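Below is one structure; the comments refer to it alone.
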Amino acid sequence: MVATGTSLEDTKLQVKRPFVGTIGELMNLTLSIPIGKTRVHHRIESKNSQTQFMGVQFSTFDLPPGDTLEISSDSNSFTYTGHGPSTRFSDHVHGKSVVIQYTPSHPRAKNARSRTYAGIVVSGILEGFPTSTGREDVCGIQPQWWPNVCNATKFPAAYKNSKSIARLTMDGIKYGTGFLLGCDGYFLTNNHNVNSHATAATLKLEFGAESATCRDPCNAVALGCPGSVVVTGATLVATDKTLDYSLLQLSRANQDLISFFGYVSLRKSPPKLHEPIYVVHHPDGFPKAFTDRLENGTETVVTSINVQNECGQDQIGYMADTRGGSSGSPVFGRSDHKVIALHHCGGCENVAHGVHNIVADLKTKWKHNLPRCFFHATSSQSQCSLPQPHVELVGYDSGSVSAASPKLCCELCKKQRNCNAFTWTENLDQRRNTRGGGTCWFKSQVGTLVRTTGGVSAVVLS
Numbered sequence: 001m002v003a004t005g006t007s008l009e010d011t012k013l014q015v016k017r018p019f020v021g022t023i024g025e026l027m028n029l030t031l032s033i034p035i036g037k038t039r040v041h042h043r044i045e046s047k048n049s050q051t052q053f054m055g056v057q058f059s060t061f062d063l064p065p066g067d068t069l070e071i072s073s074d075s076n077s078f079t080y081t082g083h084g085p086s087t088r089f090s091d092h093v094h095g096k097s098v099v100i101q102y103t104p105s106h107p108r109a110k111n112a113r114s115r116t117y118a119g120i121v122v123s124g125i126l127e128g129f130p131t132s133t134g135r136e137d138v139c140g141i142q143p144q145w146w147p148n149v150c151n152a153t154k155f156p157a158a159y160k161n162s163k164s165i166a167r168l169t170m171d172g173i174k175y176g177t178g179f180l181l182g183c184d185g186y187f188l189t190n191n192h193n194v195n196s197h198a199t200a201a202t203l204k205l206e207f208g209a210e211s212a213t214c215r216d217p218c219n220a221v222a223l224g225c226p227g228s229v230v231v232t233g234a235t236l237v238a239t240d241k242t243l244d245y246s247l248l249q250l251s252r253a254n255q256d257l258i259s260f261f262g263y264v265s266l267r268k269s270p271p272k273l274h275e276p277i278y279v280v281h282h283p284d285g286f287p288k289a290f291t292d293r294l295e296n297g298t299e300t301v302v303t304s305i306n307v308q309n310e311c312g313q314d315q316i317g318y319m320a321d322t323r324g325g326s327s328g329s330p331v332f333g334r335s336d337h338k339v340i341a342l343h344h345c346g347g348c349e350n351v352a353h354g355v356h357n358i359v360a361d362l363k364t365k366w367k368h369n370l371p372r373c374f375f376h377a378t379s380s381q382s383q384c385s386l387p388q389p390h391v392e393l394v395g396y397d398s399g400s401v402s403a404a405s406p407k408l409c410c411e412l413c414k415k416q417r418n419c420n421a422f423t424w425t426e427n428l429d430q431r432r433n434t435r436g437g438g439t440c441w442f443k444s445q446v447g448t449l450v451r452t453t454g455g456v457s458a459v460v461l462s
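Number 462 marks the last residue of the sequence shown (the UniProt record's numbering); no jumps.
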């Protein structure tokens, strides 16, 4: 059972609810692929010149063991088996065309003969071109946010917090933002992102959806820089339409998968007028971005503590650049790096609901039994930036040590006297042509970043 809430004042104020960003347009299509002995191949092209990526929606997905369905383009591909993707949407392939290819197993597996399989029914094709809806916009000519990874050395405390933030895909065609709260897989986002058990159950959460470098080309790609850990589904624990929040909880299995990213804490007291803030978000569903100043160089601050407009009432106001997809982002106080508000709507002046009001509502719903970790988050964040695969830091070597995996390098680096970054390389036995274990190469400075095969690199957060 989920704790819910709304208010009669919604009707009195005629509140206009904000909308989430949409991934594109879902085109109706019925395409049946029966189970058989021959390969089936379909190519579908978009006629929309704005299409940047495509996806496939399924109403039925039931394959016998050994059979596969591949969704591909000229750029990338994904293969599915069994009951297919739990979201009922394929992953997105880049380009203006998508290929759907069914391949049966030969010979048919013995356990596949024991029952009848329904095959595959495609019910829609997604033509992807991210668009913002609702009142979220930028203040100047150029959006003032930049790749989150740029903060790894400039603002290490802010970067540590940012790792808990995930890019969301709801119902296959909408996107937003949310973050890990406190402990035990709790996750906070907007009610207008997730407001039903059905949406929560098929929610796609991408952690680490950010670039390896400030100039990585994936920053310019719609839904680019795929998350390093992707989980599907959560339980809707509490929600409120007036305060536009939903509290979710990830399964125990998924909690283990995302433990690296850590949790953030809420501030108990209300935001202060004119206090500096920063926002970490996924504007337009793009890779994780950081906003802490406007185009004229002015830092982002709280401009009002009681905004009433078409988005709602008793809101926190601040000037910051956001877009559709930013909904559900945490607004951090720069002094203590705690979440002070939950972003949900706005134009140039954005509005968020203060977390002190959300906490009060949760206390009412849960009879004051809030987890202590909401205000003192579990200290499980790694002290290093996200390990970036296929990246090597050249120069400034200060030592090395053998390590079975790159996950061990962060703690080993911290124990060194002069280690501020590392590169892990896999060992290759030339005689046997086998791989096993590797080496942590410690760096006194970040040095030059180059693309390579097999290298994994990160920087230490001071």
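Every residue, glycine too, gets a C-beta built ideally from N, C-alpha and C. If you're wondering where the values come from, they're calculated on a predicted model, not measured in any experiment.
With D397 as the anchor, note down where its beta strand (DSSP E) starts and where it stops. Within the sequence shown, numbered from 1, the residue matching residue 397 stands at position 397. First-last of the beta strand (DSSP E) with D397: 397 to 403.
What would DSSP say about I277, mapped onto helix, strand or coil? Looking up residue 277 in the sequence shown gives position 277. Secondary structure at I277: strand, using DSSP grouped into helix, strand and coil.
Put N161 into one of helix, strand or coil per three-state DSSP. Here residue 161 refers to the residue found at position 161 of the sequence shown. Of the three classes helix, strand and coil, the one that applies to N161 here is helix, per DSSP.
Tell me the DSSP bridge mates of Q313? Stepping through the sequence shown from its first residue, residue 313 is reached at position 313. Within the DSSP bridge table, the entry for Q313 names no partner.
Inter-residue spacing [alpha-carbon to alpha-carbon] between F286 and R167: As a working note, residue 286 is residue 286 in the sequence shown. As a working note, residue 167 is residue 167 in the sequence shown. Taking the Cα positions, F286 is about 9 Å away from R167.
Separation of P147 from S385, as counted between CA atoms: Locating residue 385 in the sequence shown gives position 385, counting from the first residue. Locating residue 147 in the sequence shown gives position 147, counting from the first residue. Cα to Cα, the separation comes out at about 13 Å.
Grab me the residues of S335's own chain with a C-beta within less than 6 Å of its C-beta, minus the 5 sequence neighbours each way, in chain order. Here residue 335 corresponds to residue number 335 of the sequence shown, with the count starting at 1. Same-chain partners within the cutoff: there are none.
DSSP beta-bridge partners of C384: Mapped onto the sequence shown, residue 384 falls at position 384. In the DSSP output, where bridge partners are listed per residue, C384 has V460.
Using 8 Å as the threshold, is the region 149 to 162 in touch with the region 189 to 202, meaning 3 or more CB pairs across them? No: fewer than three Cβ pairs fall under 8 Å.
Report the residue ranges of all beta strand (DSSP E) runs contained in full by the region 48 to 133; include only those spanning at least 3 residues, in chain order. Those beta strand (DSSP E) runs which fall completely within the region 48 to 133 and span 3+ residues are 53 to 62, 68 to 72, 77 to 80, 97 to 103, 119 to 131.
Among G262, D397, R451, which one has its Cα closest to the Cα of L181? For the purposes of this step, residue 181 is taken as residue 181 along the sequence shown, with counting starting at 1. Of G262, D397, R451, the residue nearest in Cα terms is G262.
Hey, how far is the Cα of V331 from the Cα of G119? Position 331 of the sequence shown, counting from 1, holds the residue named residue 331. Position 119 of the sequence shown, counting from 1, holds the residue named residue 119. CA-to-CA, the gap between V331 and G119 works out to about 46 Å.
Kindly identify the DSSP beta-bridge partner or partners of G24. Residue 24 sits at position 24 when you count from the first residue of the sequence shown. Note: G24 is bridge-paired with G128 in the DSSP secondary-structure output.
Classify N369 as buried or exposed, calling it buried when 16 or more other Cβ atoms lie within 10 Å of its own Cβ. For this step, residue 369 is matched to residue 369 along the sequence shown. N369 counts as exposed, since fewer than 16 other C-beta atoms from the protein chains shown sit within 10 angstroms of its C-beta.
For E411, does the three-state DSSP call read helix, strand or coil? In the sequence shown, the residue the question calls residue 411 occupies position 411. In this structure, E411 counts as helix in the three-state DSSP scheme.
Looking only at its own chain, which residues have a Cβ that is under 7 Å from the Cβ of D292, when we skip the five neighbours before and after it? In the sequence shown, the residue the question calls residue 292 occupies position 292. Result list for D292: Y278, E299, T300, in chain order.
Enumerate in chain order the residues of its own chain whose CB-to-CB distance from P34 is below 7 Å, with the five nearest sequence positions on each side excluded. Position 34 of the sequence shown, counted from the first residue, corresponds to residue 34. Hits under 7 Å: G119.
Local conformation of T448 per DSSP, three classes: If you number the sequence shown from 1, residue 448 lands on position 448. The answer is strand: DSSP assigns T448 an E or B state.
Residue span of the beta strand (DSSP E) that contains V331, given as start and end: Taking the sequence shown and counting its residues from 1, the one referred to as residue 331 is at position 331. Per DSSP, the continuous beta strand (DSSP E) segment holding V331 begins and ends at 330 to 333.
Check the DSSP bridge columns for E392 and list the partner residues they point to. Here the question's residue 392 lines up with position 392 in the sequence shown. Paired residue(s): V450.
By the DSSP assignment, the alpha helix (DSSP H) with I358 in it spans what residues? As a working mapping, residue 358 is identified with position 358 in the sequence shown. Here the alpha helix (DSSP H) through I358 covers 355 to 365.
Enumerate, from N- to C-terminal direction, the unbroken beta strand (DSSP E) stretches of 3 or more residues contained entirely within the region 219 to 249. Segments of the beta strand (DSSP E) lying fully in the region 219 to 249: 229 to 232, 235 to 240, 245 to 249.
Pair within 8 Å by beta-carbon distance, T51 and T103: Here residue 51 refers to the residue found at position 51 when the sequence shown is read from its first residue. Here residue 103 refers to the residue found at position 103 when the sequence shown is read from its first residue. Taking C-beta atoms as the reference points, T51 and T103 fail to come closer than 8 Å.
Given this structure, state the Cα-to-Cα distance separating G455 from E392, to the nearest angstrom. Taking the first residue of the sequence shown as 1, we reach residue 455 at position 455. Taking the first residue of the sequence shown as 1, we reach residue 392 at position 392. Their backbone Cα atoms lie some 5 Å apart in a straight line.
What's the gap between the Cα of S228 and the Cα of L257? As a first step, residue 228 must be located in the sequence shown, where it is residue number 228. As a first step, residue 257 must be located in the sequence shown, where it is residue number 257. Spanning the alpha carbons of S228 and L257 requires a straight line of approximately 10 Å.
Does the beta-carbon distance from K414 to Q383 come in below 8 Å? In the sequence shown, residue 414 corresponds to position 414, counting from 1. In the sequence shown, residue 383 corresponds to position 383, counting from 1. Taking 8 Å as the Cβ cut-off, K414 and Q383 qualify as a contacting pair.
Environment of G185 [buried if 16+ CB atoms lie within 10 Å]: Position 185 of the sequence shown, counted from the first residue, corresponds to residue 185. Buried is the call here.
Identify which residue in A458, G437, P389 has its Cα closest to the Cα of N420. Within the sequence shown, numbered from 1, the residue matching residue 420 stands at position 420. For the residues A458, G437, P389, the minimum Cα distance to N420 belongs to A458.
Helix, strand or coil: which one does DSSP assign to K174? Position 174 of the sequence shown holds residue 174. DSSP places K174 in the strand class (E or B) of the three-state scheme.
Please confirm whether E127 and G224 have their CB atoms less than 8 Å apart. Sequence index remark: in the sequence shown, residue 127 carries index 127 (1-based). Sequence index remark: in the sequence shown, residue 224 carries index 224 (1-based). No. Outside cutoff.
From the DSSP secondary-structure annotation, give me the bridge partner or partners of I33. As a position in the sequence shown, residue 33 is number 33, starting the count at 1. Residue pairing of I33 in beta bridges, as defined by DSSP: I120.
CB-CB length for H353 against H344, believed under 8 Å: What you label residue 353 is simply residue 353 of the sequence shown in a count that begins at 1. What you label residue 344 is simply residue 344 of the sequence shown in a count that begins at 1. Correct: roughly 6 Å between the Cβ atoms.
Report back the beta-carbon spacing between T202 and S123 to the nearest angstrom; my notes put them in contact at under 8 Å. For this step, residue 202 is matched to residue 202 along the sequence shown. For this step, residue 123 is matched to residue 123 along the sequence shown. Not confirmed; about 15 Å, so no contact.
Is the region 72 to 79 in contact with the region 242 to 249, if contact means three or more CB pairs nearer than 8 Å? Below 8 Å, too few C-beta pairs join the region 72 to 79 and the region 242 to 249 to call them touching: fewer than three.
Excluding sequence positions up to five away, which residues of its chain have a Cβ less than 7 Å from the Cβ of H390? Your numbering for residue 390 matches position 390 in the sequence shown. So the list reads R451, T452, T453, G455, once near-sequence residues are dropped.
Candidates S86, Y117, V121, Q313: closest to I100 by CA position: Position 100 of the sequence shown, counted from the start, is the residue given in the question as residue 100. Comparing Cα positions, the closest option is V121.
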